[in-house]
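J.: The structure that follows is given in the form of structure tokens.
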């Protein structure tokens, strides 16, 4: 029997990091993950080889699944888009955005969705132009101005940085390329690595300020509880605080939005024996297991889905969920609330 497996692509194809221009563009252009289940009769008639291929494609699908449009994602996207419009004709100090919250609360996801939305809108307004509307970098841990400049250069795919190049040389080259490419949104993740209480952190902050002053772009930062990490201390910190709007992410309370998130994830499952509504009925249990963290919830559901495929049960039950570990922080929260 010949069966057309409904998902293109190969599971062994490595995914480019979004920290390079090529990887970022593939992320922006990638369609939402899609997977159609075979009819039951066709599924039962698959040969062993066809079943393996079909399962591998479902594993690929569940390892990614969908990006849930949480209130945090919507808020970050709205505020970020608003600031890019406000800054479009600004020639002095441009306003920025800081996304702050605990780990696994969707900060990086929101940051990337803002960048993706903005780039697609720029492409729509300026079709056929060779622009680089968005740059996405991370703040290097225990970094230096040179390391930060290298992150920008690496994203752009500039030639390898020679040891003899000083920080200003690298920064000037980066600013020249980004200005020519009409970059108007710069996303800086892991900003909690910038500690203004240290001399290295002060130097890197000054260098980041150099970029903000030499690039006609809106800067958006994301990090773990940045207001507690010393980002707003001292003169430099007050300057950052005075120029940036803050959006906070957090763990979801057990309310309607949480129930909606669970229902959305359940609707995206592609399992042959899963009874619709099982996860929705377990929404309180899922909240207790994950502490209301969207990242932990996504991990738990996706891992349970993969287990159901690998073990052949084809359904998610509470007993299966209890066998799937989540991150240590969520496990600790669950023990406290139990």
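Numbering (the numbering used here), first residue to last: -6 to 331. Where is the CB? At the ideal position from N, CA and C, for every residue including glycine.
1. Measure how close the beta-carbons of residue 212 and residue 167 come, nearest whole angstrom, since I'm counting them as under 8 angstroms.
2. Taking DSSP as the reference, what is the three-state secondary structure of residue 177?
3. Hey, quick one: how far does the alpha helix (DSSP H) through residue 341 stretch, first residue to last?
4. Which value, in whole angstroms, describes the spacing of the CA atoms of residue 76 and residue 156?
5. What are the start and end residues of the beta strand (DSSP E) that includes residue 198?
6. Is it true that the CB of residue 99 sits closer than 8 angstroms to the CB of residue 288?
7. Output the distance between the C-alpha atoms of residue 101 and residue 261, rounded to the nearest integer angstrom.
8. List in chain order: all unbroken alpha helix (DSSP H) runs of 4+ residues lying wholly within the stretch 71 to 125.
9. If you compare alpha carbons, which of 119, 45, 257, 115 is closest to residue 295?
10. For residue 4, which residues of its own chain have a beta-carbon under 6 angstroms away from its beta-carbon, when the five flanking residues on both sides are left out?
11. Out of curiosity, what's the CA-to-CA distance linking residue 307 and residue 313?
12. Need the endpoints of the alpha helix (DSSP H) that residue 37 sits in, please.
13. I need the DSSP call for residue 182, collapsed to helix, strand or coil.
14. Report, in whole angstroms, the separation of the C-beta atoms of residue 264 and residue 301, which I expect to be a contact under 8 angstroms.
15. Which residue comes first and which comes last in the alpha helix (DSSP H) that contains residue 278?
16. Answer with buried or exposed for residue 33, where buried requires no fewer than 16 other C-beta atoms within 10 angstroms of its C-beta.
17. So residue 198 packs on residue 189, CB below 8 angstroms; how close in whole Å?
18. Would you mind listing the beta strand (DSSP E) stretches within the stretch 216 to 248 that are 3+ residues and don't spill past its ends, in chain order?
19. Specify, as a first and last residue, the run of the alpha helix (DSSP H) that residue 131 falls within.
20. Relative to the alpha-carbon of residue 186, which residue among 70, 39, 278, 137 has its alpha-carbon at the smallest distance?
21. Would you check if the distance between the CB atom of residue 332 and the CB atom of residue 91 is smaller than 8 angstroms?
22. Do residue 227 and residue 14 have their CB atoms nearer than 8 angstroms?
23. Taking the alpha-carbon positions, what's the residue 266 to residue 311 distance?
T.: Taking the structure as given:
1. That belief does not hold up - the Cβ atoms of residue 212 and residue 167 are roughly 14 angstroms apart, past 8 angstroms.
2. coil
3. No answer is possible for residue 341: it lies beyond the span of the chain, which begins at -6 and ends at 331.
4. 37 angstroms
5. Where residue 198 is concerned, there is no enclosing beta strand (DSSP E), although the alpha helix (DSSP H) it sits in stretches over 192 to 207.
6. A Cβ-Cβ contact shorter than 8 angstroms links residue 288 with residue 99.
7. 22 angstroms
8. You should have 100 to 118.
9. Comparing Cα positions, the closest option is 257.
10. Note that residue 4 has pLDDT 47, beneath the 50 cutoff, so the model's placement of it is unreliable and no number is given.
11. 11 angstroms
12. 33 to 37
13. strand
14. So it is a contact: roughly 5 angstroms between Cβ atoms.
15. 276 to 283
16. Residue environment: residue 33 is assigned as exposed (fewer than 16 neighbouring CB atoms within 10 Å of its CB, all protein chains considered).
17. 6 angstroms
18. 237 to 241
19. Run containing residue 131: none in the alpha helix (DSSP H); it sits in the beta strand (DSSP E), 127 to 131.
20. 137
21. Because residue 332 is not part of the residues shown, which for the chain are -6 to 331, the question remains open.
22. no
23. 15 angstroms
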